[in-house]
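Comments concern the structure below.
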Amino acid sequence: MSTMDEESVSLKIAELRRLIDYHNYRYYALDDPELSDADYDRLFRQLADLEKEYPQLVTVDSPTRRVGFAPLEKFSPFHHEVPLLSLENAMNIQETLEFDRRVRKLLATESEIEYVAELKMDGLAVELVYENGVLTGAGTRGDGSTGEDVSTNVKTIRPVPWRLFSAPGDPPLPVRLAVRGEVFIEKKDFEKLNEQRSVRGEPPFANPRNAAAGSLRQLDPAVTAARPLRVFFYGIGTYESQEELTTHHATLERLKGWGLPVNPQSRLCLGIGAAVSYFEELVEKREYLPYEIDGVVIKVNDLAAQRRLGEKSRSPRWAVALKFSPHEVQTHVLDIGVNVGRTGIITPVAFLNPVLVGGVTVKRATLHNIDEIGRKDIRVGDAVLVHRAGDVIPEVAEVIASKRTGKETVFTMPRQCPSCGAEVVRLPEEAFHRCVNRNCPAQIKGSIVHFASRDAMDINGLGDKIVSRFIDEKIIETVPDLYRLRLEELEHLPGFGEKSARNLLQSIEASKRITLSRFLYALGVSHVGTFVADLLANACGSLEKVRCAPMEELLKIRGIGEKVAGAITAYFSNPQNARLVDELLALGLQIEDPQPLSTAQSGFWPGKTVVFTGALSSMSRQEAGREVSSKGARVTESVSGKTDLVVAGADPGSKLDKARKLGIKVMDEEEFIRFIKP
Ligand code: IVH
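Residue numbers (the numbering used here): 4 to 681.
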């Protein structure tokens with residue numbers, strides 16, 4: 004190659020880098036892109052291709068180098084010259100007004116204070132150091148004075164400029180600047196990331212904040228580079244510059260001018276009332292924001308006043324974080340539909356404008372039954388509060404009636420089953436509507452999914468989607484058909500392939516040896532959950548005995564009452580069900596009878612009521628629950644006078660206090676493990 008060539012290539016490369024940096028700035032800092040994503044990608048690829056062809060022209064500050072750093076052994080400490088403090092929280096408006104009163108008292112003024120109200124981004128704090136406009140280091144917050152040096156990783160974050168912009172005529176760039184901001188992941192990117200993780204069999208991130216933190220604190224920068232991290236800057240620490248900054252608002256403008264992304268939602272507010280209105284607007288807007296926020300931050304605008312107010316040991320006196328209530332989020336009911344369950348029960352379901360509640364995207368919420376809809380007066384189009392406490396299924400907590408526009412519509416139960424068109428009835432003694440057709444495809448599908456589920460036959464790879472497909476394509480029509488599936492039928496299904504077909508058949512085959520308790524649960528008899536199934540299996544000892552047990556016999560089992568016993572005898576005396584069980588046995592199912600209980604086991608557990616509280620470290624609560632259920636005990640959620648034992652893991656809640664008050668026996672995890680495994 005001639006020198007001329009190399010020179011022109013080098014010019015082209017410089018031009019591409021300049022263009023890419025500029026378009027990064029338009030996109031991330033100004034949120035006002037001039038190019039489509041495809042055009043941007045084209046520029047990027049052009050640069051990458053040229054650099055591949057001319058490796059001698061690659062420089063350390065090329066945008067393509069954002070991914071190419073060597074992994075670290077461990078993070079070095081990163082020192083914050085000006086401590087990175089945290090914020091004092093205000094839990095409600097009252098506490099916010101008190102904050103304002105304190106500020107005015109300390110500044111000895113009666114007049115309204117000028118504040119800047121900003122979003123409190125839910126991510127992790129970082130500080131970036133720029134020397135004469137060049138990014139030279141970055142660290143996490145750590146304890147506020149020393150964090151971890153994440154310089155290399157931060158350089159892989161696309162919206163982070165490696166060099167600050169300065170336009171002709173601007174004051175010179177600061178000699179030294181430490182900017183503070185929050186690294187986060189957008190909601191849609193968080194969902195995509197978790198989908199990818201689940202495909203790869205990796206555990207999902209609990210929420211976008213954990214995903215952002217986990218992505219930034221990676222020893223291998225290539226991993227960080229592959230994660231769609233974003234950042235918004237909200238303040239500065241060290242500042243050595245010829246240019247004086249006098250207000251927080253002007254600081255944010257300056258950061259933006261230098262090409263640092265600043266959240267465009269911040270607002271100058273005269274008086275605390277205006278800042279509170281900003282908060283109230285955000286309560287409404289929150290569901291539509293592309294990222295998670297957990298409140299708003301209210302800051303005194305005047306920097307001289309900030310200095311006079313100073314700080315306490317951990318937080319400045321010039322700022323407060325006004326937080327949203329944690330597990331309740333506002334959204335809208337887009338539609339109400341129904342779901343037909345395996346027992347024919349028709350459950351109304353609200354389809355919601357998707358919102359993140361405690362880290363989980365909620366798109367639908369069960370409305371239980373028509374009476375519940377009436378009681379809460381939930382209509383299509385309503386603004387509602389959705390909550391999710393712990394592992395509980397999301398629920399519509401209440402309608403925000405003040406937001407009614409008059410366009411909302413009342414839901415009525417369909418008269419015909421949406422799956423099979425059969426009549427929908429409501430028996431006088433029931434709260435539910437049901438589809439009367441026992442051969443309704445939705446019911447069959449539901450019972451097959453239940454049969455294959457983890458606590459039942461545990462057939463790996465036979466979830467909702469696959470079962471629907473098999474039914475739609477008429478590959479199976481009944482539960483026993485599962486055991487007649489052949490490789491030839493499956494491997495030609497589009498998107499299935501020989502490997503997944505073989506795996507599925509193997510799981511089905513493996514499910515043929517099954518414990519009595521699991522089999523009873525898998526049949527889907529009304530009122531027979533895992534707990535009752537365990538009771539039945541242990542008390543009867545064999546499938547034959549369960550099948551033939553008369554009511555009186557079943558009623559002798561502690562924990563089984565009239566309703567449950569009635570459902571069991573009704574199930575097994577129905578010839579269609581009897582045929583189903585026989586057919587399964589004929590297809591080779593081997594039901595293992597339960598082991599007789601040892602005296603040690605039978606001594607304590609049968610009939611006892613046990614409550615778990617706090618996190619167990621050696622097993623999940625569900626596993627612990629199964630363990631004690633299999634010994635004949637009953638697991639309940641809340642502590643009452645009827646509770647016999649409370650097992651307390653780490654961070655036990657109020658249940659432990661209650662148990663102590665009631666004088667109920669309490670065990671810690673270690674004692675519990677010793678007790679169940681004698
Ligand atoms: S100002 C000295 N502004 O909230 C005060 N913090 O406890 C420094 N955060 O993890 C904080 N958005 O990273 C400020 N607009 C915002 C913020 C914000 C999110 C985070 C911050 C830190 C926590 C403060």
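Glycine included, C-beta positions come from ideal geometry on N, C-alpha and C.
Identity of the residue in the options nearest residue i by Cα
i, options, result
"L665", "H252, S621, G644", "G644"
"L138", "G147, P206, G262", "G262"
"C688", "G591, F414, S405, P444", "Lying outside 4 to 681, the shown extent of the chain, residue 688 is not represented and no answer is given."
"K468", "K448, T481, P206", "K448"
"A32", "K108, V119, N266", "N266"
"C551", "N577, G532, D537, V535", "N577"
"L60", "K366, V482, R20", "R20"
"K302", "P264, I349, V343, A253", "A253"
"G340", "A353, T346, G544, I348", "A353"
"E630", "A568, S520, G409", "S520"
"R429", "I348, R391, R489", "I348"
"R768", "A540, L258, N213, I160", "The displayed coordinates of the chain run from 4 to 681. Any statement about residue 768 would go beyond what the structure contains."
"M416", "G377, S405, D385, L588", "G377"
"D596", "G184, D173, L539", "L539"
"K668", "V613, E640, V178, A73", "V613"
"T155", "D44, P164, G140, E501", "G140"
Cα-Cα separation, residue i to residue j
i, j, result
"E674", "S632", "18 Å"
"Y281", "H82", "35 Å"
"R487", "L196", "37 Å"
"E672", "Y574", "39 Å"
"F454", "E130", "53 Å"
"D461", "I396", "22 Å"
"I474", "E480", "6 Å"
"G136", "F168", "8 Å"
"S621", "P655", "16 Å"
"A603", "M554", "Low confidence applies to A603: its pLDDT is 46, below 50, so where it sits in the model is not reliable, and the reading given next is rough at best. Taking the straight line joining both Cα atoms gives about 30 Å."
"V12", "G126", "41 Å"
"Q598", "L485", "28 Å"
"V292", "R107", "The question names Val, but residue 292 is Leu in the sequence shown. Looking at the two C-alpha atoms, the distance is approximately 33 Å."
"K2", "L325", "A query on residue 2 cannot be resolved here, the shown segment of the chain reaching from 4 to 681 and no further."
"L222", "I451", "45 Å"
"Q509", "R457", "16 Å"
"G260", "L122", "20 Å"
"A17", "E134", "22 Å"
"F414", "P421", "15 Å"
"T408", "Y294", "27 Å"
Limits of the beta strand (DSSP E) - the one that residue i falls within
i, result
"P357", "348-360"
"P231", "It is not in any beta strand (DSSP E) - P231 carries neither H nor E in the DSSP assignment."
"T155", "That residue, T155, is in no beta strand (DSSP E); its alpha helix (DSSP H) goes 154-158."
Boundaries (first-last residue) of the alpha helix (DSSP H) holding residue i
i, result
"Y574", "565-576"
"L50", "40-56"
"D537", "533-543"
"C551", "546-551"
"Q446", "444-455"
"E512", "500-513"
"R200", "190-202"
"Y524", "519-525"
"A216", "211-219"
"I339", "No alpha helix (DSSP H) contains I339, which is instead part of the beta strand (DSSP E) from 331-343."
"F678", "672-679"
"M554", "554-558"
"V178", "That residue, V178, is in no alpha helix (DSSP H); it is neither H nor E in DSSP."
Contacts around residue i, its chain only, beta-carbon distance under 6 Å, and the 5 residues preceding and following it disregarded
i, result
"R624", "F615"
"S514", "M460, I462"
"A181", "E130, V132, G240, T241"
"N372", "A434, F435"
8 Å CB neighbourhood of residue i in its chain, flanking five on each side removed
i, result
"D226", "Going by the sequence as given, residue 226 is Val instead of Asp. S218."
"A570", "V528, S529, H530, V531"
"L176", "Y133, N135, G136, L167, S169, S244, W261"
Test: residue i CB closer than 9 Å to a CB of chain D
i, result
"V531", "Among the chains of the structure shown, chain D does not appear; only one protein chain is present."
Contacts around residue i, its chain only, beta-carbon distance under 7 Å, and the 5 residues preceding and following it disregarded
i, result
"R257", "L248"
"A386", "Q333, H335, I403, K406"
beta-carbon residue i near ligand 3 non-hydrogen atom, thresh 8 Å
i, result
"P319", "By its list of ligands, the structure shown excludes ligand 3, since it contains just ligand 1."
Using 8 Å as the threshold, is the region 201-212 in touch with the region 310-319, meaning 3 or more CB pairs across them? no
Whether or not the region 323-337 and the region 360-372 are in contact is what I'm after, with contact meaning three or more pairs of Cβ atoms, one per stretch, closer than 8 Å; do they touch? yes
Whether or not the region 94-104 and the region 272-281 are in contact is what I'm after, with contact meaning three or more pairs of Cβ atoms, one per stretch, closer than 8 Å; do they touch? yes
Using 8 Å as the cut-off, can you tell me whether the region 234-241 makes contact with the region 78-93, which would need three or more C-beta pairs spanning the two stretches below that distance? yes
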